[in-house]
Structures are given as structure tokens and as C-alpha cells.
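First up is the structure itself, then whatever we jot down about it.
Chains as they are written, first to last, in my numbering: chain A, 1 to 190; chain B, 191 to 830.
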């Protein structure tokens with residue numbers, strides 16, 4: 001589950017090399033260098049977003065949310081830029097970026113796959129749905145596929161409990177999909 | 191539309207909108223709430239638009255995309271007014287038939303109607319048992335208006351309560367009315383809203399804030415989402431009235447970012463209200479100024495707590511602080527701040543319009559008005575239900591919810607979100623209100639009501655909630671951070687069949703410490719799921735610990751799957767569907783599960799045709815020895 005705590009222990013823009021850890025499969029883990037090569041940086045957009053909010057400190061979360069939505073992750077450069085512009089210490093920006101589950105310090109896939117683990121979905125079999133999705137995507141919750149196509153995460157409630165268990169792919173909701181449907185949904189993403 | 195500069199202008203605008211509409215003209219209302227989105231309601235809408243154009247009915251029939259009417263189980267829901275014919279589970283391919291039969295031919299499409307347990311078809315919305323027993327004073331307007339249209343809201347008498355408050359009542363009178371109505375916070379705490387408002391009003395401070403808490407983090411509850419998506423103006427109206435009573439000129443709507451449609455609809459509503467002069471300077475020509483900002487939450491359960499939410503509003507990490515001084519006195523930027531839940535605000539215009547006497551005539555002695563519950567889980571009619579306080583759980587689950595799915599046996603109902611408790615069958619006749627639920631070890635919470643049947647393991651449920659709370663604990667208090675962590679460890683070990691004698695007592699002791707020592711409501715109520723399941727389902731804990739048996743067959747470590755050699759017909763369905771290839775056999779040969787490879791996912795049990803019923807789930811007993819490989823199946827009589 002991608003939680004605050006789980007995320008802190010994950011590799012991110014801090015340049016500790018995690019690939020040395022034999023327990024983590026190297027293929028699914030990004031180094032900082034690797035991510036910088038793969039993701040084209042657009043400082044211009046970050047600047048536009050910050051300007052839109054008038055560089056107000058209290059809008060820190062809103063700004064980070066917009067950057068996250070636009071770029072699908074928060075890079076070290078983005079955090080430093082925001083920190084400087086808003087006059088908020090980098091440590092505090094980092095704290096916010098690691099506290100909330102909406103933020104990611106590693107690049108997210110083009111398609112965001114969410115499995116709802118809320119209570120209503122749990123009692124109607126979301127652990128099994130999660131197993132099916134893990135099987136179909138070959139990644140675990142919190143991970144991104146190497147081709148950057150999918151990011152899988154779990155969410156505590158999507159608020160459409162009547163349909164449970166719910167699978168959300170980007171902005172599409174799917175209520176109680178069968179194993180075959182999961183495969184079809186995944187195959188339908190380009 | 192120009193700015194409305196007086197209550198008379200609002201009334202004129204309403205009459206003008208109504209004069210342009212013909213109440214007898216047929217209108218097709220399609221639910222476009224998030225629930226129906228997943229059933230493809232947008233395609234149904236497009237199909238209607240195209241079909242009306244094709245049949246030349248364009249302009250003669252209105253189409254309206256409405257918010258969620260609550261009956262999510264049967265989406266996409268289409269209601270045709272003025273007759274109020276309700277069609278359920280509508281697919282795009284049904285649309286031509288609806289148009290030709292109902293709109294042109296004025297006849298019913300029987301197959302899309304609600305069918306009761308006796309097979310009787312019910313055509314009209316009000317007659318469907320799910321709706322019939324409800325009292326939809328807050329939620330009812332959802333299906334009558336397009337949430338993106340302020341005109342729809344004004345046509346229904348919207349903002350008339352605001353006009354009444356601003357021009358016919360003093361702020362003190364509004365406050366007095368809300369206090370007399372005894373409106374209690376719908377977000378979970380049940381604190382009287384009027385008292386909170388008064389504290390903020392009387393607190394010293396230059397700027398005062400009013401806040402809508404739409405950080406609906408409780409898994410299993412979605413009434414706030416339905417209200418914000420379906421009727422955002424009624425929440426805004428309540429908020430403006432509250433601001434007037436409190437003397438605030440700035441407000442916030444704090445919405446979870448997981449609710450994109452709610453954020454969009456409330457932002458549109460704010461824009462429209464500004465345009466009409468219902469927000470901003472000199473509202474409706476009075477001297478009262480007020481404006482609202484939308485703030486998206488970035489996903490943290492604990493940030494729904496009032497003091498945490500307010501620090502999040504300031505752009506910081508949303509962690510609770512000790513509330514020796516209440517947020518009503520010192521909240522956002524150290525200023526008095528009044529925070530109420532979405533549903534609480536939505537009740538305010540009703541109280542102002544109809545009076546506290548009307549409001550207090552509904553409900554029980556201590557809890558007035560109605561409450562919206564999210565009735566979900568193993569119940570037939572899942573969805574949002576709004577009932578007067580004091581209705582019994584049995585009425586809600588059986589009369590409105592239509593009983594349990596597939597005729598299973600009821601085990602428990604969980605109320606109050608993760609910090610609530612599980613209520614057993616013996617207490618089903620409990621009248622639901624704030625105080626009664628607390629008495630039985632649960633709570634009202636935000637109104638999630640999750641029904642569980644015999645297939646749910648109560649120890650697993652306790653572990654689920656505890657690990658949820660463990661994940662969401664901000665870690666500030668040791669008791670919560672470490673205490674919940676230890677509770678998870680013990681529950682995990684019980685679920686894995688490694689429970690020891692004395693674990694139950696140890697859990698109880700831990701719960702007491704976590705409850706007494708933690709700072710905010712998350713820690714204080716975290717033991718509820720464990721304590722309530724121990725209280726009512728102690729036998730299940732004992733079965734896990736003493737007999738290493740999970741009575742419901744949920745805890746993976748305590749169950750195994752076994753294919754009965756005398757029943758297996760060698761059809762290869764389970765063999766193909768097993769995700770880990772743990773099943774061996776061939777066509778016409780008895781299939782065998784390799785117990786070492788099996789991950790206990792239960793797929794084989796699910797896919798085995800019911801006429802064979804060859805797969806058994808065993809718990810607390812050894813798996814019988816498998817027949818030798820290559821054993822031929824015993825054909826059942828009457829089969830090839």
C-alpha cells in the first residue's frame with residue numbers, strides 16, 4: 001500500500017542508491033540519474049503554475065498538486081524551485097511532499113491504476129481484485145512499470161462504494177470487474 | 191444574467207426562469223454521479239441526445255444530467271418527469287425503446303422497471319421500497335437539478351433561505367434558530383453546530399473563517415461526495431448563511447483530490463454564485479461581504495480532523511494539535527475558524543426556511559433531523575439512504591436495503607467508519623442516533639454503514655481497520671504510533687494461526703492505553719473496531735487462537751482448498767483459471783491441488799460449476815490425502 005510511511009522508505013529523489021539492496025528487484029527501481037534521463041524537464045511549466053498562484057506560501061499544497069498532475073511526479077528541481085519562490089524551507093516542502101499520498105517523488109506511469117481498498121470494497125473482495133491486477137500488470141502497489149506505462153496504487157476509498165470492489169484506470173471507474181475484464185481493461189490502455 | 195441586487199430581484203429571476211420552463215414538458219433526468227459514471231451514463235446521455243434529434247423530439251423534451259439520487263446499485267438511473275417513471279440499469283441500447291415507447295407512445299418499458307421480491311413491477315420512483323421508507327429532505331433535490339446550473343437551483347427556491355436570513359433576520363436570530371434546531375455535526379463528532387458557531391462568533395479576532403469539511407476520508411462513506419457533486423449550491427447557501435451568523439467574510443471548501451468531479455462542480459457553483467451577486471461584495475444588495483476558496487486536500491485521512499485540516503489549509507503538513515484552545519477560537523492562521531461537515535451545512539438553508547420547530551419535529555430526543563447513510567457491503571440495495579434519526583438498523587437494512595445478498599445470513603453491521611464498531615444481529619432493533627450508537631461501542635461517524643454476512647471474518651475486519659488506522663496515523667503520539675502498530679502485530683499473528691492464549695486480554699489492555707493517551711480522535715477511537723469485535727464476536731477470536739480455525743474461511747493461512755475426488759468431473763476449468771498453476775490433472779482425470787504451490791486465492795472454488803461443487807474450503811482440519819495422479823473421474827449420474 002502506498003502510504004506515507006511506505007513512501008518514505010521508497011527510493012526517491014534523494015540520491016541514495018537502492019539498487020545495492022539485494023531484496024529489491026533492480027528492474028523496478030529508479031535511480032535519480034535514470035529518471036532524469038527519461039523524463040524531460042520543463043521548468044517553464046513549474047514556473048507558470050507557481051505564478052498562477054501568485055507565489056503564496058499557503059498555496060504550497062495546491063501548487064504541488066498541480067505540478068504532480070501535470071508532470072506525474074515532483075522532481076528535486078521542482079521542489080527546489082517551489083521552495084525558493086515561496087520562501088518556504090526545502091525541508092518543509094519535502095515534508096509536505098512526503099506526507100501526502102497524492103505526491104510522488106518518482107515518475108509515475110502514463111496510466112494510473114487504482115484499486116480501492118475501502119471497507120465496502122474489502123468486504124466484497126478487493127484483496128482478490130488487487131491480486132488479479134497485480135497479475136495482469138506484473139507490478140506491485142506503489143510501483144511503476146519499467147516502460148512507464150502503468151503505476152499501480154491502492155486507495156482507501158474512491159467514494160463509489162456501492163459498486164465495490166472498484167478499479168479505477170485514469171478517470172474511468174470499473175465496478176467489480178472479473179479476471180477477464182481486468183485483462184481487457186489493461187490491454188485497452190495504449 | 192446580471193447581479194441580483196435585492197431579494198425581490200432574486201424572486202423575479204426565479205419567476206423568469208420558471209416562466210421559460212413548462213412543468214408539463216417531459217424531462218429525462220439521467221444520473222451522472224460517479225457511481226453511474228462507471229456504468230457508462232455518459233453514453234446513455236449521448237444516446238438520448240442523438241435519439242431525440244433523430245425522432246424530431248429535440249426541443250420538445252428536456253434532458254438533464256443530474257447528481258446522484260442514491261440508488262447506485264441499479265445505475266444508470268433514468269427518471270422521466272412529470273410522471274416520475276424510474277428506469278433502472280439503463281444501457282445506451284435501451285434508449286431508442288424508451289424514446290419510442292415512453293416519450294412518444296406514453297407506455298412503460300416493463301423490463302427496465304424495478305421488480306420487487308414478488309416479481310411485481312414498480313413504475314414510479316416514489317413507490318420503490320428503497321425510496322419509499324426514506325425521508326429525503328437534503329438529498330432529494332439531487333435528481334431534480336443539474337449541478338452545473340444555478341438556474342435549476344434558483345428555480346427550486348434556492349437561495350431564498352439566504353435572502354430570508356440577510357433581510358429578515360439578524361445574525362443573532364439565525365444563530366438562535368440553528369441552536370434551537372439542535373443541529374448536530376454530521377461529520378462524526380455530533381457536536382451541536384449552533385454552539386460551535388456561537389463560540390467562533392464571540393471569539394476575539396479580526397478575521398473569522400468558515401470552512402466546509404469535504405475531506406471525506408472514511409472508507410465506505412460517500413454522502414458528502416454525492417451532495418457536493420449533485421447539489422453544490424445548497425452547501426454554498428448554508429455556508430454563506432453560517433458566515434453571516436458568525437460574522438465571517440472568508441470561507442474555504444476543503445475537498446479531497448480523489449473527488450475530481452466534486453471539486454469541479456463546487457468550483458463552477460462558486461463562479462456562478464459570484465456572477466449572480468450571491469458571493470462577493472454586498473451579497474443580494476445587503477451590506478454583507480463573503481467569498482469562498484476551494485482547497486484540494488492531497489490525501490491524508492488524519493487531515494480531516496479539524497485542527498489538522500486547518501494547518502493543511504495553510505499549506506503545511508496536516509497533523510492534529512492539542513485542542514486546549516478550540517479551533518473555533520484559534521484555527522486558520524490563529525483566527526477563530528468554524529468548521530462543519532458538508533451535510534451539516536446542507537441542513538442550514540432548510541432550518542432557516544422552515545424553522546427550527548419543523549426541524550426538531552424529525553428525529554429522536556437527542557438527535558434531530560435526518561441522516562444520510564451510505565448503505566454498502568453485502569446488502570441487496572446499496573446506495574445512499576436518508577432517514578429520520580431513530581429508525582432502527584433492521585428497518586434500514588431489511589426494509590430499505592432489501593436484506594442480504596444471495597440469502598446469506600447477517601453477521602454484523604459496521605458503522606462509523608474505521609473508528610466505529612461492529613454491531614451484531616442481537617442489536618438490530620437499535621434506533622440509530624448519535625447517543626444510541628455510542629452506547630453499544632460504535633459511533634455515528636460520517637454515516638458509513640457496511641453490512642457483513644457469514645462470509646466475513648470479524649478478526650480480519652478488525653485487522654483491516656487497525657492496519658488502515660496504523661497507516662493513517664500521523665505518528666505524533668507514541669501511544670497511537672506504537673500502540674496501533676503492536677495491535678496490528680497481534681491481530682496479524684492471530685489471523686496467521688500463530689495466536690497465543692492471552693492475546694485477547696493483551697489486545698484489550700493495549701486498546702485501553704491507546705484510547706486514553708492519544709491526542710486526537712484518530713487515536714482515541716482507534717481501539718473501537720478491535721474492542722467491539724472482541725465484545726460481540728469473542729468466539730471467532732477464540733476459534734482462531736485455540737483451534738487455528740477461521741469460521742468464515744477468510745484468513746488465508748488458516749484455510750486450504752481441496753478437490754473432492756468423488757465429485758470432480760475433470761472439466762479443467764479450475765486447472766486453467768488457477769493463477770499459480772497449482773492444479774494438476776487432465777481431461778477426465780481427477781484434479782489435484784498442490785498445497786505447497788496454492789496461494790489460497792479461492793479462484794478454484796469460485797469457478798467450479800455449482801452442479802459439480804467439487805472444491806471444498808477447509809479450515810481447522812487437515813487436508814485429506816489426494817488420490818494418485820491419473821485417477822479417472824467418477825462420472826455423476828445423468829452426465830456423459
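Virtual Cβ for every residue (Gly too), placed ideally from N, Cα, C. All values reported here derive from a predicted model rather than from experimental measurement.
Query                                                                                                                               : Result
Best match in 638/B, 583/B, 589/B for proximity to residue 619/B [C-alpha to C-alpha]                                               : 583/B
Start and end residues, beta strand (DSSP E) containing residue 529/B                                                               : 527 to 531
Beta strand (DSSP E) runs wholly inside the stretch 496 to 581 of chain B, at least 3 long, in chain order                          : 527 to 531, 560 to 567, 573 to 578
Residues from the stretch 239 to 266 of chain B in contact with chain A, defined by Cβ distance under 7 Å                           : 262, 263
Chain-order list of residues whose beta-carbon lies under 8 Å from that of residue 70/A (same chain, five-residue window excluded)  : 45, 49
Contacts of residue 642/B in chain A (Cβ-Cβ under 8 Å)                                                                              : 123
Simplified DSSP state of residue 197/B, which is helix, strand or coil                                                              : helix
Exposure of residue 193/A, with buried meaning 16 or more beta-carbon neighbours within 10 Å                                        : Chain A is shown from 1 up to 190; residue 193/A falls before or after that span and cannot be answered.
CB contact flag (residue 373/B, residue 400/B, <8 Å)                                                                                : no
For residue 304/B and residue 317/B, the rounded distance between their alpha carbons                                               : 10 Å
For residue 684/B: DSSP bridge partner residues                                                                                     : DSSP lists no partner for residue 684/B.
Alpha helix (DSSP H) runs contained entirely in the stretch 46 to 97 of chain A, provided each spans 4 or more residues             : 60 to 71, 76 to 86
Sub-8 Å separation of residue 761/B and residue 780/B beta-carbons                                                                  : no
Partner residues on chain A for residue 648/B, Cβ-Cβ distance less than 8 Å                                                         : Result: empty, since nearest Cβ-Cβ is about 11 Å, beyond 8 Å.
Cβ pair residue 444/B, residue 403/B closer than 8 Å                                                                                : yes
Nonlocal neighbours in the same chain, by C-beta distance under 6 Å from residue 155/A, ignoring five residues either side          : 114, 116
Pick from 218/B, 640/B, 449/B that is closest to residue 334/B, judged by C-alpha positions                                         : 218/B
Chain A contacts from the stretch 565 to 576 of chain B (Cβ-Cβ distance under 7 Å)                                                  : 566, 567, 568, 572, 573
Distance, residue 55/A Cα to residue 33/A Cα                                                                                        : Residue placement at residue 33/A cannot be trusted, given a pLDDT of 42 that sits under 50; what the coordinates show is reported in the next sentence. About 29 Å.
Rounded C-alpha distance that separates residue 746/B from residue 791/B                                                            : 8 Å
Span of the beta strand (DSSP E), counted from its first residue to its last, around residue 155/B                                  : With chain B covering only 191 through 830, there is no way to say anything about residue 155/B.
Contact with chain A by residue 442/B, beta-carbon distance below 8 Å                                                               : no
Closer than 7 Å at the beta carbon, the chain B residues around residue 57/A                                                        : 505
Against chain B: residues of the stretch 146 to 176 of chain A by CB proximity under 9 Å                                            : 155, 156, 157, 158, 159, 160, 161, 162, 163, 164, 166, 168, 171, 172, 173, 174, 175
Under 9 Å from the C-beta of residue 46/A: neighbouring residues of chain B                                                         : Within chain B, no residue comes near residue 46/A; the closest Cβ sits about 16 Å away, beyond 9 Å.
Length-filtered (4 minimum) alpha helix (DSSP H) runs lying within the stretch 331 to 417 of chain B                                : 340 to 345, 350 to 358, 361 to 371, 383 to 392
Sufficient close CB pairs (3 or more, under 8 Å) joining the stretch 364 to 378 of chain B to the stretch 447 to 467 of chain B     : no
Candidates 733/B, 268/B, 322/B: closest to residue 299/B by CA position                                                             : 268/B
Residue 98/A versus residue 104/A - alpha carbon distance                                                                           : 8 Å
Residue range of the alpha helix (DSSP H) that includes residue 602/B                                                               : Careful: residue 602/B lies outside any alpha helix (DSSP H), inside the beta strand (DSSP E) at 600 to 605.
Any alpha helix (DSSP H) of 4 or more consecutive residues that is wholly inside the stretch 707 to 764 of chain B                  : 711 to 715, 718 to 736
DSSP state of residue 227/B mapped onto helix, strand, coil                                                                         : helix
Min CB distance residue 144/A to chain B below 8 Å                                                                                  : no
Where residue 310/B sits in the DSSP three-state scheme                                                                             : coil
Reference residue 368/B, options 408/B, 692/B, 355/B, closest by Cα                                                                 : 355/B
Chain-order list of residues whose beta-carbon lies under 7 Å from that of residue 644/B (same chain, five-residue window excluded) : 598, 599, 601, 742
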